[in-house]
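According to the UniProt record's numbering, the sequence shown holds residues 1 to 111 in order. Comments concern the structure below.
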Amino acid sequence: MRATRTYEPSRQDEEENLVLGASLFTVMGTFGDTPVDWFIAGQAVERVLLRSCAEGVQCSFLNQPIAIPFIRSRLRATLQRSDYPQAVLRLGYGSLAPATPRRLVADMLIE
Numbered sequence: 001m002r003a004t005r006t007y008e009p010s011r012q013d014e015e016e017n018l019v020l021g022a023s024l025f026t027v028m029g030t031f032g033d034t035p036v037d038w039f040i041a042g043q044a045v046e047r048v049l050l051r052s053c054a055e056g057v058q059c060s061f062l063n064q065p066i067a068i069p070f071i072r073s074r075l076r077a078t079l080q081r082s083d084y085p086q087a088v089l090r091l092g093y094g095s096l097a098p099a100t101p102r103r104l105v106a107d108m109l110i111e
């Protein structure tokens, strides 16, 4: 993927890495704010999480803007949307974490 156009290969690689390393914030919403809408939003979040995982994209929830009514209404006003925010997600590529150490099975068995 070439995200920028420059004539310096090293600069282009640097800019591309910045674009690919940037996080994306997404607000998922529904047209209503009923339990049925919450369920629909949950299904949509599930699909986003599963697809992201399949593509190697990591996700995290930023629920505070949704959980606090005052902040939720401010978020809705800031976005200038008539729908209701139901989930805020941060998506991006993270660095690989080292594997965690494991105990041997023999160390866990009691004789």
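Quick reminder that beta carbons are idealized off the backbone N, C-alpha and C, glycines included. Because the structure is a prediction, the values reported are computed rather than measured.
Residue nearest to leucine 79 in terms of C-alpha spacing, selected from Arg51, Thr26, Glu14, Gly92: Indexing the sequence shown from 1 puts residue 79 at position 79. Here the closest residue by C-alpha is Thr26.
Buried or exposed: which applies to glutamine 64, given that a residue is buried once 16 or more other Cβ atoms fall within 10 Å of its Cβ? Residue numbering aside, residue 64 sits at position 64 when the sequence shown is read from its first letter. Answer is exposed; the Cβ neighbour count stays below 16.
Sequence-distant residues of its chain with Cβ nearer than 8 Å to serine 52 (five each side left out): Taking the sequence shown and counting its residues from 1, the one referred to as residue 52 is at position 52. Within the same chain, serine 52 has close Cβ partners Gln58, Cys59, Leu91.
So, at 7 Å on beta carbons, what are the nonlocal neighbours of serine 95 in its own chain, with the 5 sequence-adjacent residues on each side left out? Within the sequence shown, numbered from 1, the residue matching residue 95 stands at position 95. So no residue of the chain qualifies.
Give me the residue from Glu46, Met108, Val36, Gly32 with the minimum Cα distance to leucine 89. Here the question's residue 89 lines up with position 89 in the sequence shown. Nearest option by C-alpha distance: Glu46.
Between the CA atoms of valine 48 and alanine 54 - distance to the nearest angstrom: Within the sequence shown, the letter at position 54 stands for residue 54. Within the sequence shown, the letter at position 48 stands for residue 48. If I take the Cα positions, the gap works out to 10 Å.
Name, in chain order, the residues that DSSP records as bridge partners for valine 27. Locating residue 27 in the sequence shown gives position 27, where the first residue counts as 1. DSSP output for valine 27 lists Val88 as bridge partner(s).
C-beta atoms of isoleucine 66 and glutamine 43 nearer than 9 Å: Numbered from its first residue, the sequence shown carries residue 66 at position 66. Numbered from its first residue, the sequence shown carries residue 43 at position 43. Not in contact: isoleucine 66 and glutamine 43 (Cβ atoms no closer than 9 Å).
Assign leucine 24 to buried or exposed, taking buried as 16 or more other Cβ atoms, counted over all protein chains shown, within 10 Å of its Cβ. Position 24 of the sequence shown, counted from the first residue, corresponds to residue 24. So leucine 24 ends up on the exposed side.
For aspartate 83 versus glycine 29, is the C-beta spacing smaller than 9 Å? To locate residue 83, count along the sequence shown from 1; it is residue 83. To locate residue 29, count along the sequence shown from 1; it is residue 29. Cβ atoms of aspartate 83 and glycine 29: closer than 9 Å.
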